[in-house]
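See below for the structure under consideration.
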Amino acid sequence: MLEIPCPWCGPRNENEFVCGGEAERKRPRDPGLVSDDNWTDYLYNSTNSKGEVREWWWHVSGCTKWFQIVRDTVTHKIYPIKEDTV
Ligand SMILES: [Zn+2]
């Protein structure tokens with residue numbers, strides 16, 4: 000079980016959160032101008048990198064705020080991100 004450090008609530012059990020996926024992935028500004036293949040790629044494909052990955056997390060059972068962390072996908076070690084870098 001992971002302990003996720005919510006910037007507003009402090010460390011909490013992972014079952015209070017929903018992972019929003021990789022933070023580096025950017026939504027196309029105008030989906031109408033993107034090809035179907037590129038839109039499908041955006042919606043369904045993640046890089047699933049090994050090592051440190053920046054992710055969105057939603058504290059759904061707490062403060063209900065979204066925030067980012069860096070999580071090592073091998074060790075599950077978590078590094079909080081300063082608010083001004085999000
Ligand atoms: Zn929270």
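Residue numbering for the sequence shown is 0 to 85, as defined by numbering that gives the first Met the number 0.
Heads up, the beta-carbon is just placed ideally off N, CA and C, and yes, glycines get one too.
Just how far apart, CA to CA, sit residue i and residue j?
{"i": "Ser48", "j": "Cys5", "result": "23 Å"}
{"i": "Pro104", "j": "Asp40", "result": "The structure shown has nothing for residue 104, since the chain only spans 0 to 85."}
{"i": "Arg11", "j": "Thr63", "result": "13 Å"}
{"i": "His58", "j": "Ile68", "result": "12 Å"}
Are the CB atoms of residue j and residue i within a distance shorter than 9 Å?
{"i": "Gly19", "j": "Trp56", "result": "yes"}
{"i": "Glu51", "j": "Arg24", "result": "no"}
{"i": "Ile3", "j": "Ile77", "result": "yes"}
{"i": "Glu21", "j": "Glu54", "result": "yes"}
Quick one: what's residue i bridged to in DSSP?
{"i": "Gly20", "result": "Trp55"}
Classify residue i: buried if its beta carbon has 16 or more other beta carbons within 10 angstroms, exposed otherwise.
{"i": "His75", "result": "exposed"}
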